[in-house]
Structure formats: structure tokens, C-alpha cells
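The number in my numbering is simply the position in the sequence shown, starting from 1, with 508 added.
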Amino acid sequence: MEIRHIRLEDAEQFSTLIASVDSSNMMLFEPGERKTSKEQEEQNIEKILLQGNSTIIVAEDNERLIGFVTILGGESSRSQHAARISVGVTEEFRGKGVATRLLKEAFRWSKEVGLSRLGVTVMKHNERAFSLYLKMGFEVEGEKFQSLMINGKPIDEFYLYKLL
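Rendered as C-alpha cells:
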């Protein structure tokens, strides 16, 4: 397995990866809700890569993308030191250390570009992800009640942060 930064030519495969991860019902978007063409995904990737404090790191296994961490840095001068992250791994590779390796590279890269704070949200019932974030040094910043609706049911989220 290789951990690397995304390239424009990954756009189509990255779109497929996002759809796969969204189907887990543990992400912000409903399965099938994000519909982006290859060209739109290329534009999204290009925009992210043009910001000095944002990137997408992917995990690749046998030329197939199996996981990602997006790092979206603040755009204003007062928030450029901080970034929001999102992590996703395909179901068949969960529990195999992929997210841990992605996060380690995210921490290394973030420090290299001058980020000093990472934030992430996790659904309260997503115990596996919550445990991983705590293991990786994130701390609970707060809880947002009924922040999401999934199948008509209100879902709470934890806000977590890590100072680098």
C-alpha cells in the first residue's frame, strides 16, 4: 500500500472512492448524493492543490484508491494556521491501519506547511472512528446536538481537534 498526495489523473477513481465511502452512512453525504463528473472532480482537486494549506492524501493498493484524508486549510489570514480534515476508507480495508497511516502523513504534511491545528467532526455513534481519533491525539472540543438527520433520525456529532 502506498500513501501519497492526489494527482489530477486520480479524479475519476477518487470520485468512485468517495461514492464507496459515502455508502457507509458514516459520512456527511447520503449514498449517491454527490454526483460529480470527472471534469468537476479534476476542478475540485486542482482548486484544493492550489491552496498552500490544503491537500488530499490517498492510500493506493494495487493501483486502486482505497482511502483518503482531505485537509482543507482556512482561507482568511486569521485562520490559515488551521484546517478541517475528513477521512474515509473503503469498507474492505477498514480496521487494517489505512486511516492511521493516512493521518500520520496528514500530521507530517500539515506541520511542514505551517498548519498548527486540525479539526474533525465524527458522528457520535461512529465509535471506531472516534476511538481512532482519540488514539491519534485528537481531543473532544464539544458536541453538536442533532446536527445531522439520517433516515429521519437526529444524529449528534463530536467536534475534535489536534494541536500540532
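In this text, a Cβ means the ideal position worked out from N, Cα and C, and glycines have one as well. In this text the structure is predicted, and so the values were computed from the model without any measurement.
Using DSSP's beta-bridge definition, name the partner residues of residue i.
i: F576; result: V566 and G596
i: K670; result: L626
i: A590; result: R625
i: E510; result: E568
Which of the three DSSP states is assigned to residue i in this structure?
i: V648; result: strand
i: E583; result: coil
i: I663; result: strand
i: L655; result: It should be pointed out that residue 655 corresponds to Ser in this sequence rather than to Leu. S655 falls in the strand class under three-state DSSP.
i: I553; result: helix
i: K632; result: coil
i: R602; result: coil
i: L623; result: coil
i: R515; result: coil
i: E571; result: coil
i: S639; result: helix
i: Q559; result: coil
i: S528; result: helix
Since residue i and residue j are thought to touch, with beta carbons under 8 Å apart, how far apart are those beta carbons, to the nearest angstrom?
i: G645; j: Y667; result: The pair is not a contact, with the Cβ atoms about 15 Å apart (cut-off 8 Å).
i: A567; j: M509; result: 6 Å
i: Q588; j: N561; result: 6 Å
i: R674; j: A590; result: Nothing can be reported for residue 674: it is not among the residues displayed for the chain, which extend from 509 to 672.
Exposed or buried, residue i, counting other C-beta atoms within 10 Å across all chains shown (16 or more means buried)?
i: V648; result: exposed
i: K670; result: buried
i: G605; result: exposed
i: R602; result: buried
i: G660; result: exposed
i: S523; result: buried
i: E549; result: buried
i: F653; result: exposed
i: G622; result: exposed
### Query
Touch check for the region 594 to 601 and the region 610 to 630: three-plus C-beta pairs under 8 Å?
Proximity of the region 594 to 601 to the region 610 to 630 meets the contact definition, three or more beta-carbon pairs being nearer than 8 Å.
### Message
Would you call the region 658 to 666 in contact with the region 604 to 613, where contact means no fewer than 3 C-beta pairs closer than 8 Å?
### Response
With a cut-off of 8 Å, the region 604 to 613 and the region 658 to 666 do not count as touching, because too few Cβ pairs lie within range.
### Task
Answer yes if the region 511 to 522 comes into contact with the region 551 to 566, meaning at least three C-beta pairs across the two stretches below 8 Å, and no otherwise.
These segments touch.
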